Each structure stands twice: as C-alpha cells, then as structure tokens.
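FYI, in the numbering used here the residues of the sequence shown are 290 to 613.
By construction, the Cβ of each residue, glycine as well, lies at the ideal position given by its N, Cα and C atoms.
Owing to the predicted nature of the structure, the values given are computational and were not obtained by experimental measurement.
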Amino acid sequence: MHDWRDIGALGYRANEVSVADEEQPPRAPASVVVRWLREPLLHFLLLGAVLFGLSSLTRSGHLATAPSKEIRLSLDEIGQLTQLYQSQWRRPPTPQELERMVENKVQQEILYREALAMGLDKDDEIVKRRMAQKMQFLAEDVAAAHEPTTDELRSWFEKNSAKFAQPPRLSFRHLYFSPDRRGAHTRDDAEHALAKLVGQPVDAKIADSLADPFMFQDYYRDRPPDYLGKEFGPPFALAVAKLPPGSWQGPVESGFGWHLVFVDTLVPGRVPTFEEVEPDVRTAWLGEQKSLAWEKAYKGMRANYTVLLPGPPGSAAPSGGMSK
Numbered sequence: 290m291h292d293w294r295d296i297g298a299l300g301y302r303a304n305e306v307s308v309a310d311e312e313q314p315p316r317a318p319a320s321v322v323v324r325w326l327r328e329p330l331l332h333f334l335l336l337g338a339v340l341f342g343l344s345s346l347t348r349s350g351h352l353a354t355a356p357s358k359e360i361r362l363s364l365d366e367i368g369q370l371t372q373l374y375q376s377q378w379r380r381p382p383t384p385q386e387l388e389r390m391v392e393n394k395v396q397q398e399i400l401y402r403e404a405l406a407m408g409l410d411k412d413d414e415i416v417k418r419r420m421a422q423k424m425q426f427l428a429e430d431v432a433a434a435h436e437p438t439t440d441e442l443r444s445w446f447e448k449n450s451a452k453f454a455q456p457p458r459l460s461f462r463h464l465y466f467s468p469d470r471r472g473a474h475t476r477d478d479a480e481h482a483l484a485k486l487v488g489q490p491v492d493a494k495i496a497d498s499l500a501d502p503f504m505f506q507d508y509y510r511d512r513p514p515d516y517l518g519k520e521f522g523p524p525f526a527l528a529v530a531k532l533p534p535g536s537w538q539g540p541v542e543s544g545f546g547w548h549l550v551f552v553d554t555l556v557p558g559r560v561p562t563f564e565e566v567e568p569d570v571r572t573a574w575l576g577e578q579k580s581l582a583w584e585k586a587y588k589g590m591r592a593n594y595t596v597l598l599p600g601p602p603g604s605a606a607p608s609g610g611m612s613k
C-alpha cells in the first residue's frame, strides 16, 4: 500500500518558491545541484514519476487487485484537489491535509461502488432525478459550445426586443386617507382635501395636515409600476402611471384606502438599443438555445420508447398508452 503522505509532501513542496535562492547567483557546482533539488518543477516531475510507478506496479501485478476493486487516481485528479483547497483557503494544503482529501475521495468512490453492487441505485427517486438532470445538462452543453456572432445576436434581438423593454418609472408624493379612521367618509374627505390642494406644489406644507399617517413612505422615487403594484396593489399602480405629472390628482384607491397623488417625474418606458443590452441579449439567447437543444434531444430519446399507461379502474389490461 503506497503512502499518500509522501505524495502529499511532494505536492505541497511543489507550491513553494524560494525567493532567496532566485536572488543569489550560483557560486559553485554544488550550489547548482542544491538549487535544482529545490526547484518546484523537479518536485512536480518527481510526483508524476511516483504516481506513474505506482500505476505500473498495479498493472504488473505487484499490487494485484481485481479490476472491479481497483481505484486509480490520476495526477490531474490530485491536482484538482489541491486547486480546490487553494481556492477555498488561499494556500496550498499541507501533506496531511492533502492525504485526508485523497482518502475522502477514495472513500466516496468505495461507497459509491459498494452501493451500486448492492443495487441501492434501483428505484431511488433522488438518484433518478440526479441522473435525469445530468442527461439534460449534457444536451444543453451542446448549445453552450456554440459562441454566437454579433450579427446573430443582433438578428435575434430584433425579433425579441420586447423582452428587454424597460418599464416607465415614477417619482411621486401621496397623501393617505384611512378607512379605519374615517369610515364611509374616507373618499369624500380625500376629495375635499384635493380641492384645498389645487395649485399647490408637491411639498405644500398644508398637505400633511389634511391626511392620515401612512405605514410606509410618503414619497417614492424612480419606481416602476410592478414595484408599486406589490406595494399598493395593481389597480393603484395602473392608475398612478396614467396621471399627468405636475399637480395633485385623485382620489386613487389602493389596498390600504384612498390617496391623493402628486406625480413629480415620469420617465416613459422604452426599448433599449442592442448596444445597451448586448450582454443581456447573449445570456437570453444562450438560455433559449439550451432550451431548444434539450427539447430536440428529448424528442429524439422519447421516440425510442413506448409508454403504457394503466387503463380505467376495473379494466384488466393497460390502455394503448402512448406510442413512439
């Protein structure tokens, strides 16, 4: 049994660079040998040689095991473990840490094979779902391999520009009239207050004395209608979007009660140019291509199967089902 600590030590030292050695010029042939022995590249080559030797021993029968019981880790796989650790902890693993990671990977492979041997993957919905997802990812990767040209994206954008339409945005102040406080007179009170606010600016001091306290904001800046729909209800958002800016308007009903609204600014909705949203276009195009590739792949696989569905209750045989 080989010792992963020796391999781990080599892998760990392969990440070390001696600045002092690089700065000092060679003074004698012996110092040149010492420098070579400290070279990370030499350590890397030694690590590869050790792994190659272990593989050769296994193949020649000195570490003879049945093929189904052989677990072989490549230099690339150990390198990936090292890179993963370094990306998480911002340093290379110590030999002991690398040994533990290698053993964890071996453990995972052993348990996986033993589970397969026991048939634990059979009739397991989680396993089925995971394998189905991997098949879908493989089909989608076909589309992801194609890099679209700017002309392709521009042509696609012209046909799907509505998907990138930017909604109008509103800035407004509102005065709230509470049904809990005013009862059946709530709307009438709002109309009477509106008459007093004719010609008044958005920051009129009299406004606060006419209305009731509101649990949220009194002033909303640069909000799209969908945000207002979530805050006040869709009917309120639609009504406010249609109000002319520059004066007090209303009453407008929301899910809370009645409001007088002063639209300060209104930025109309628009469709941006291709150049403004090119990265978003590429993302949307790729998503559509993946979906189409998956749909095509599934139809091809589906055509190879016949599905038989159970018949109506009381029938002895399954129904004709769904043919290829």
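Which runs of the alpha helix (DSSP H), 4 residues or longer, sit entirely within the stretch 439-469? 439-448
Could you please give the first and the last residue of the uninterrupted alpha helix (DSSP H) stretch that includes V570? For V570, the enclosing alpha helix (DSSP H) has its first and last residue at 567-591.
May I ask which residues mark the beginning and end of the alpha helix (DSSP H) holding V529? 523-530
What do you get for S543, buried or exposed, if any count of 16 or more other CB atoms within 10 angstroms of its CB means buried? buried
Counting only runs of 4+ residues fully inside the stretch 356-405, write out the alpha helix (DSSP H) ranges in chain order. 364-378
Taking the alpha-carbon positions, what's the R458 to P534 distance? 12 Å
C-beta contact flag for L517 and F466 at 9 Å: no
Leaving out the 5 sequence neighbours to the left and right, which residues in its chain are closer than 6 Å to N593 when beta-carbon positions are compared? none
Say whether chain B places a C-beta atom closer than 9 Å to the C-beta of P602. Among the chains in the structure shown there is no chain B, since it carries only a single protein chain.
If E398 and I360 are in contact, beta carbons under 8 Å, what's the gap, nearest whole angstrom? Contact between E398 and I360 holds, since their C-beta atoms are separated by about 5 Å, short of 8 Å.
Chain-order list of residues whose beta-carbon lies under 7 Å from that of D511 (same chain, five-residue window excluded): R458, S460
Helix or strand or just coil, what does DSSP make of P602? coil
Outcome for I495 when other beta-carbon atoms lying within 10 angstroms are tallied against a minimum of 16: Exposure of I495 is indicated by the presence of fewer than 16 other C-beta atoms within 10 angstroms of its C-beta.
Assign G408 to one of three DSSP states: helix, strand, or coil. In this structure, G408 counts as coil in the three-state DSSP scheme.
Below 8 Å, can you find three or more Cβ-Cβ pairs linking the stretch 501-515 to the stretch 429-437? no
Touching or not, the stretch 466-484 and the stretch 412-430, by the rule of three or more beta carbon pairs under 8 Å? No, the stretch 466-484 is not in contact with the stretch 412-430.
What is the DSSP secondary structure of E312, counted as helix, strand or coil? Only weak support exists for where E312 lies, its pLDDT of 42 falling under 50; the value from the coordinates is given anyway. Helix, per DSSP.
Considering only the beta carbon of each residue, do Q538 and F551 sit closer than 9 Å? yes
So, with DSSP's three-state summary, where would you put W325? The predicted position of W325 is uncertain, since its pLDDT is 47 and thus under 50; no value can be drawn from it.
Under 9 Å between the Cβ atoms of A526 and P514? Yes; because the gap between Cβ atoms is below 9 Å, this pair is in contact.
Determine the burial state of I415: buried for a count of at least 16 other Cβ atoms within 10 Å of its Cβ, exposed for fewer. exposed
Please return the same chain residues whose Cβ sits closer than 8 Å to the Cβ of R559, not counting the five positions on each side in sequence. A454, Q455
In terms of residues, what are the limits of the alpha helix (DSSP H) holding E480? 475-485
Limits of the alpha helix (DSSP H) - the one that L499 falls within: 495-499
Neighbourhood of A404 by C-beta, 7 Å cutoff - its chain only, sequence neighbours within 5 removed: D410
Does the stretch 481-493 come within contact of the stretch 565-581, defined as at least 3 CB pairs closer than 8 Å? In this structure the stretch 481-493 does not lie against the stretch 565-581, because fewer than three pairs of beta carbons, one per stretch, are closer than 8 Å.
Three-state secondary structure (DSSP) at G518? Residue state, collapsed to three classes: helix.
Kindly identify the DSSP beta-bridge partner or partners of Y508. R462
So the candidates are D553, E584, K585; which of them puts its Cα closest to the Cα of L532? D553
Apart from the five residues on each side of it in sequence, which residues of its chain come closer than 7 Å, Cβ to Cβ, to W574? Taken in chain order, the residues that qualify are P437, L442, W445.
I'd like the list of long-range same chain contacts for V491, defined as Cβ closer than 7 Å, with 5 residues on each side in sequence excluded. R462, F551, D553
Would you decide whether P602 is buried or exposed? Buried here means 16 or more other CB atoms lie within 10 Å of its CB. With fewer than 16 other Cβ atoms within 10 Å, it is exposed.
What separation, rounded to the nearest whole angstrom, lies between the Cα atoms of P557 and A530? Going from the Cα of P557 to the Cα of A530 covers about 10 Å.
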